[in-house]
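Same order as they appear, the protein sequences are chains A and B.
Quick note on this note's numbering: the first sequence kicks off at 12 and runs consecutively.
Quick note on this note's numbering: the second sequence kicks off at 12 and runs consecutively.
Written below as structure tokens is the structure these notes are about.
2 protein chains.
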Amino acid sequence: MGSETAGLEARQPVMADVAKLAGVSHQTVSRVLNGAPHVRPGTRDRVLAAIRELDYRPNSAARALVTRRSQTLGVVSFESTLYGPASMLDGIERAARSAGYFVSVASLRSLDSRSVQEAVDRLRDQGVEGIVVIAPQTSAVSAVAKVSSSVPVVAVGSGARSSIPTVTVDNRSGAEAATRQLLDLGHRTVHHLAGPGGWLESQDRQEGWRRALEAAGAPVPTVAVGDWSARSGYEAGQRMARLEGVTAVFCANDHMALGLLRALHESGRPVPGDISVVGFDDIPEAAYFIPPLTTVRQDFGELGRRALELLVAELGGTDQPIARVQIAPEMVLRRSTGPAHRG
Amino acid sequence: MGSETAGLEARQPVMADVAKLAGVSHQTVSRVLNGAPHVRPGTRDRVLAAIRELDYRPNSAARALVTRRSQTLGVVSFESTLYGPASMLDGIERAARSAGYFVSVASLRSLDSRSVQEAVDRLRDQGVEGIVVIAPQTSAVSAVAKVSSSVPVVAVGSGARSSIPTVTVDNRSGAEAATRQLLDLGHRTVHHLAGPGGWLESQDRQEGWRRALEAAGAPVPTVAVGDWSARSGYEAGQRMARLEGVTAVFCANDHMALGLLRALHESGRPVPGDISVVGFDDIPEAAYFIPPLTTVRQDFGELGRRALELLVAELGGTDQPIARVQIAPEMVLRRSTGPAHRG
DNA sequence: ACCCCGATTGTGAGCGTGAACAAACGGAAC
DNA sequence: GTTCCGTTTGTTCACGCTCACAATCGGGGT
């Protein structure tokens, strides 16, 4: 039976069907599909015609089974709702596509090690060939480093001091540039609204800020700490507005800067007339804050792309040393910064 | 050879290895793994122990090959960098996970039909069982409807008048509520900054706005058109600031509202003193605009979740009629709206 | 005319799993 | 003690593809 059972519901055509229609063996079809050499052009054409006619599509599971390659990469991401992570994911996906890979995502509920473990396991169960982790928190990265058995892993957006390859923006030099920029405008010192503890970005940006101040011989004020949210920036801003001698603030990200701007506005402290503000990230909205925000741009898409390149290289086989790619951020000057008032 | 070749690099253990270690047949291992009945508890325990000892993980490709189910769903998304799409993706992923599916993403370069076709094909080649499309533009949705052969498709975020199941926010009633809100505050009429043509959201929100005006017997001003970006909102705002008689503006999204707020600010038109502004979406930043933005909240995560539920139901088999889920949006009152000034 | 070699095509095996069927087991009913 | 039936386990096959190898074809050299 089989061939003559012209069942009404035609099952998906398989390679053998194409072969029969083209009058060749299934192996020849396979050769055409995989671009193998030694196929006579005429034969190839007949096979391709048969493929089109049947609308045949190779079964990826069967292929994966025999080649042991799923053509799939996994992405673990944490707050994928935010602009940064979302952009990195986007960059990763595009790069993966052009490298011939599919992308499967697993988002993290929380940042504890168990949750990371779970996400990575999930992806491994699916048979991904490699994993990109978008999880900028110290704990997540170290959790991943522990887990990384048997599947290559690359961290992106952070994790510069872990045992796995990473791609990040140079947070330290970005923060330094921002701080120096303010000092150059004549500010005696620069206050800092940092990100939450445990995030490498927070640490690095804070360190860059501190270093710039010290290099200039400026006093180092107490650090305010937020949680990246506009709300936390707002609250910090209310506190700072009451402080004496604050003329410049470097915020660890644009969202907190947004909240800070509003708090200063409501407290009657004009920006930049009274206080200058700098952010970090350059989210698309930053140019439309009131006033437009001077900030440090990171190219998240590029980060994602580079991370994927790194992963693909690693998959390539020749195991190179653990790579640490750092991308230089770029200062974007807008109207939230100005010269220190003579005071 | 084979069994005695204790190769240094141990290959991934397979079911047979587990079976041998546990002293059972591979089929029994399979039964344990799939929770099949009729396995003696003692046997199950031995198998589980063997699985743990070898750190065995089932080969998903082999399973997919034989069951013809990949346990994978695809997501096609367009501007996945924006808050809305990113949140929907997040919601989809979470829901998929708890339904036992993996999620594979394919982002669109552009919104033409060819590009959509390409993305869908890509996912089908990967063997996804169903697809969620996050692509709120008319053309994309209709392209998908054409393509949807052989794989169930659900559209989310838009597409309320297509031939495929959809999950959306009720844009019309949201826009109506926003407009009515402004009219109730005493404004003679409400101007509208619409989204770009070709987007269903734009159309529906504009229609809701118009309907509310007509219901109140208010004049219907010319519509300004933006492209969702803050920049376009800014430009529209500059134009509106020069117009006579503008006391209230309903923007089709929060980003444009942000730009509009800045333009009004720079033109010396206080909000809400001179002009009231309402947005749509309630992005997390909206509460920290200057002034905080009154807007219409959509729960993007919920949209994603519902879309996935719909898709899973469709996969369930019993083909139900084409579903149209609409979620009610919610007005969020903040300080960007106030009573019309007398005069 | 015959042999050799590269180009081209076909054949068979096996990837790791689940499904169908068969076999073995063990207790209850007679 | 025998029969019957439900529980438990094993055997065999197929899923659709790629890989290794064998077979065939065809032209150039001798």
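Don't be surprised by glycine CBs; every beta carbon is placed ideally from N, CA and C.
- Using a CB distance cut-off of 8 angstroms, A189 (chain B) does not count as an interface residue toward chain A.
- By a beta-carbon distance limit of 8 angstroms, I145 (chain B) does not contact L134 (chain B). Their separation comes to about 13 angstroms.
- At least 8 angstroms separates the CB of Q148 (chain A) from every CB of chain B.
- Per the Cβ contact rule, the stretch 303-318 of chain A is in contact with the stretch 334-353 of chain A (3 or more Cβ pairs under 8 angstroms).
- Taking the Cα of A166 (chain A) as reference, the smallest distance to any Cα among A:A351, A:E325, A:G349 is reached at A:E325.
- Contact note: Q337 (chain B) does not reach chain A at a C-beta cutoff of 8 angstroms; the least C-beta distance is about 23 angstroms.
- Taking a contact to require three or more Cβ pairs closer than 8 angstroms, the stretch 101-118 of chain A and the stretch 283-294 of chain A do not qualify as touching.
- Listed along the chain, the chain A residues whose CB falls inside 9 angstroms of the CB of S109 (chain B) amount to none; the nearest CB is some 11 angstroms away.
- Within chain B, the C-beta atoms nearer than 8 angstroms to that of E296 (chain A) come from A241, H266, L269, E296, in chain order.
- Given a length threshold of 3 residues, each whole run of the beta strand (DSSP E) inside the stretch 164-215 of chain A is given here in chain order: 164-167, 177-180, 202-205.
- Using a Cβ-Cβ cut-off of 7 angstroms, H276 (chain B) is close to I301 of chain A, given in chain order.
- For V127 (chain A), the uninterrupted alpha helix (DSSP H) run begins and ends at 124-137, by DSSP.
- In the structure shown, Q82 (chain B) adopts coil according to DSSP, grouped into three states.
- Counting C-beta atoms within 10 angstroms of its own C-beta, S174 (chain A) has fewer than 16 neighbours from the protein chains shown and is therefore classed as exposed.
- Cβ-Cβ distances below 6 angstroms link D238 (chain B) to P207 in the same chain, with the five nearest sequence neighbours on each side left out; the list follows chain order.
- The beta-carbon of E104 (chain A) is placed less than 8 angstroms from the nearest beta-carbon of chain B.
- Within the stretch 72-88 of chain A, those residues whose Cβ lies closer than 7 angstroms to any Cβ of chain B are, in chain order, A72, A73, A75, L76, S81.
- Straight across, the Cα-Cα distance linking H198 (chain A) with A297 (chain A) is about 23 angstroms.
- At a cut-off of 8 angstroms between beta carbons, S287 (chain A) makes no contact with chain B.
- CA-to-CA, the gap between P52 (chain A) and F113 (chain A) works out to about 30 angstroms.
- For the pair A73 (chain B) and A33 (chain B), the CB atoms are not nearer than the 8 angstroms cut-off.
- Contact of L100 (chain B) with chain A is assigned, a C-beta pair being separated by under 8 angstroms.
- Taken in chain order, the complete beta strand (DSSP E) segments of 3 or more residues contained in the stretch 225-305 of chain A are 259-262, 287-289.
- R273 (chain A) places its beta carbon 8 angstroms or farther from that of Y67 (chain B).
- For S124 (chain B), no Cβ of chain A is located within less than 8 angstroms of the residue's own Cβ.
- If you look at G141 (chain A), you'll find it in the beta strand (DSSP E) that goes 141-145.
- Chain B has no Cβ within less than 8 angstroms of the Cβ of A227 (chain A).
- Residue contact with chain B for S121 (chain A): absent (no Cβ-Cβ distance below 8 angstroms to any residue of chain B).
- Taking a Cβ-Cβ cut-off of 8 angstroms, Q309 (chain A) has no neighbours in chain B, whose nearest Cβ is about 13 angstroms from it.
- Per DSSP, the continuous beta strand (DSSP E) segment holding I338 (chain A) begins and ends at 335-338.
- DSSP, read as helix, strand or coil, puts F311 (chain A) in helix.
- Closest in alpha carbon position to A156 (chain B), among B:V127, B:E218, B:D181, B:D136, is B:V127.
- Here T233 (chain B) is exposed: its Cβ has fewer than 16 other Cβ atoms, across all protein chains shown, within 10 Å.
- Ranked by Cα distance from A263 (chain B), the options B:G209, B:S88, B:L204 are led by B:L204.
- In chain order, S91 place their CB closer than 7 angstroms to the CB of A97 (chain B), counting only its own chain and leaving out the 5 sequence neighbours on each side.
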